[in-house]
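Single-structure report; data block below.
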Amino acid sequence: MKLHNYVTTLLASIWYRFPSRKTNLILVAGSKGKDITAAFIYSILKQTGQDVGLICSTQQIINDRPLPKNLFLDTSQLNPFKLQKVLREMVYHNCKYVILAINTHTDQVRYLPSCKICVLTNFTKNQNLSSDMVNQLYLLSLPFRKASLIVLNKDDAASAYLSRLSQAQRVTYGIKNEAQIKALKIKSGEWGVFFYYTNSNSLWKNQLSIDRAIKIKQAAPKIIPLALAAIGTGAALNIPEFRIKKGLEAIDVKTVEN
1 MKLHNYVTTL LASIWYRFPS RKTNLILVAG SKGKDITAAF IYSILKQTGQ DVGLICSTQQ
61 IINDRPLPKN LFLDTSQLNP FKLQKVLREM VYHNCKYVIL AINTHTDQVR YLPSCKICVL
121 TNFTKNQNLS SDMVNQLYLL SLPFRKASLI VLNKDDAASA YLSRLSQAQR VTYGIKNEAQ
181 IKALKIKSGE WGVFFYYTNS NSLWKNQLSI DRAIKIKQAA PKIIPLALAA IGTGAALNIP
241 EFRIKKGLEA IDVKTVEN
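Using the UniProt record's numbering, the first residue of the sequence shown is number 1, and each one after it goes up by one.
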């Protein structure tokens with residue numbers, strides 16, 4: 001099976017002329033929050049004026065234009081040829097960055113081309129990994145081993161494991177544990193969540209807009225770590241803080257599960 005996956009992925013890459021080598025592929029991985037995190041990162045990158053692509057379960061776009069229906073990718077059952085075809089389309093449209101959010105807990109992760117940046121949203125709420133998570137965590141680790149930059153959630157036990165396996169540059173974020181990007185002074189309001197975060201000994205304020213249909217106080221602990229993951233990605237790419245802030249505040253969060 002491993003050989004089949006490798007050969008299939010290689011053939012797809014050759015057929016579409018290795019499109020992932022001509023863009024910066026950013027993988028967003030984790031149990032929950034992948035789509036929201038990917039949307040945050042997309043919005044931040046758009047503030048730089050670059051062409052950007054986004055592939056996740058809820059939306060697939062190139063510079064705010066939806067992909068044609070015949071190119072729409074099923075992210076739950078990844079087809080390597082279709083993935084490479086979509087990446088080739090994004091390269092054709094000069095996308096400097098492509099954000100990809102998929103389930104990395106299954107064998108489909110073996111179909112992924114090498115990703116320059118890998119971002120972990122979360123893996124487990126428990127600090128001790130159960131035995132049935134070992135294989136899932138191994139699969140999750142595969143793209144992180146090859147990345148040149150990883151963004152890790154210090155409040156999640158999986159980060160320590162991924163950190164040991166990778167020699168890549170890393171950025172950490174969190175709320176409870178010490179991290180490079182750390183949220184402080186979190187407050188919920190009628191229209192969203194306000195919080196400060198530290199980065200390079202500087203303190204920055206942000207506001208996240210949340211749909212009023214969502215119970216904001218309950219949603220805040222789930223959404224803020226996802227925003228921090230996007231902030232860490234933007235900071236690692238040397239995007240100015242004011243553009244990161246503008247990108248985050250452009251998103252109206254309507255769900256907290258994907």
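Virtual Cβ for every residue (Gly too), placed ideally from N, Cα, C.
Item: Is residue 16 near residue 85, with beta carbons less than 8 Å apart?; Value: yes
Item: Whole angstroms are fine: how far does the CA of residue 243 sit from the CA of residue 30?; Value: 25 Å
Item: Can you tell me the Cα-Cα spacing of residue 13 and residue 230, whole angstroms?; Value: 28 Å
Item: Quick one: what does DSSP say residue 195 is sitting in, helix, strand or coil?; Value: strand
Item: Going by the DSSP bridge assignment, what does residue 60 pair with across the sheet?; Value: 55
Item: Within a Cβ cutoff of 6 Å, which residues of the same chain sit near residue 179, ignoring the five residues on either side of it in sequence?; Value: 154, 172, 173
Item: For the alpha helix (DSSP H) containing residue 142, name the first residue and the last one.; Value: 134–146
Item: Going by the beta-carbon positions, is the gap between residue 75 and residue 55 smaller than 8 Å?; Value: yes
Item: Where does residue 172 fall in DSSP's three states?; Value: strand
Item: Taking its Cβ as the centre, do 16 or more other Cβ atoms sit within 10 Å of residue 166, making it buried, or is it exposed?; Value: buried
Item: Is the Cβ-Cβ distance between residue 158 and residue 124 less than 8 Å?; Value: yes
Item: Which residues share a DSSP beta bridge with residue 182?; Value: 174, 198
Item: Do you know whose CA, among 114, 135, 120, lies nearest residue 233's CA?; Value: 120
Item: Hey, residue 10 and residue 100: beta-carbon distance below 8 Å or not?; Value: no
Item: Which residues does DSSP pair with residue 65 in a beta bridge?; Value: 62
Item: What residue from 102, 206, 169 has the CA that sits closest to residue 197's CA?; Value: 206
Item: Hey, would you say the C-beta of residue 157 is under 7 Å away from at least one heavy atom of the ligand HEM?; Value: Of the ligands one can find in the structure shown there are none, so the ligand HEM has no counterpart to examine.
Item: Could you spell out the range, first to last residue, of the beta strand (DSSP E) harbouring residue 29?; Value: 24–29
Item: Note down the Cα distance separating residue 109 from residue 61, rounded to an integer number of angstroms.; Value: 21 Å
Item: Taking buried to mean at least 16 other C-beta atoms within 10 Å of its own C-beta, is residue 70 buried or exposed?; Value: exposed
Item: Assign residue 251 to one of three DSSP states: helix, strand, or coil.; Value: coil
Item: Report the rounded CA-to-CA distance for residue 253 versus residue 208, giving the unit in angstroms.; Value: 8 Å
Item: Could you give the distance in angstroms between the alpha-carbon of residue 193 and the alpha-carbon of residue 237?; Value: 25 Å
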